[in-house]
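In our numbering, the protein residues as written are 798 to 976. The C-beta atom is built at its ideal place from N, Cα and C for all residues, glycine as well. No experiment lies behind these values; they were computed from the predicted model shown. Input: a single structure, listed below in structure tokens.
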Ligand SMILES: [Zn+2]
């Protein structure tokens, strides 16, 4: 951040009085610009023994497979965000079952929250940010072409949990050492 979104003047990084962390503070109007983690909401759409994956048309990881997910918008609930992303990326109609995986990625200040969801029809198609949307059974999953570690982890949990038909919420911190 270089400029204050309130007055347009320059900002500096400093620790405000009474605070413990450096923040962007306006040099003129003293507005403190807090920055907080972003939440990514998504669905794991399921039909019988298959899951719906989307081949990404956009970067990052264009051409790789993901489940429909994206940044939450203001003024929506986490499940509304997951449903909206599922509609946008795969034009898929789903019924949310339960929250399933929660990942914290502190090195990039992101939190992922994925729901298990049931496809209510098979009228899905590729959305604007998707090259192709298709159902995969476990043996067909393109493990080497998955877009993000959180996708791989969610699918690993799912196919393991499905064998015992029990789907507890899985919470995992994915921490990378900073170099
Ligand atoms: Zn300002």
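Burial check for residue 912: the Cβ neighbour count within 10 Å reaches 16 or more, so the residue is buried. Counting of Cβ neighbours within 10 angstroms places residue 826 among the exposed residues, the total staying below 16. The C-alpha of residue 924 lies about 9 Å from the C-alpha of residue 854. Residue 852 holds the alpha-carbon nearest to the alpha-carbon of residue 886 among 869, 852, 953.
Taking 7 Å as the cut-off, the C-beta of residue 811 does not count as close to any heavy atom of ligand 1. When the five nearest sequence neighbours on each side are left out, the beta carbons in the same chain lying within less than 6 Å of the beta carbon of residue 899 are those of 910, 968, in order along the chain.
Counting only heavy atoms of ligand 1, the residues whose C-beta sits closer than 6 Å to one of them are, along the chain, 801, 803, 804, 806, 823, 825, 826, 828.
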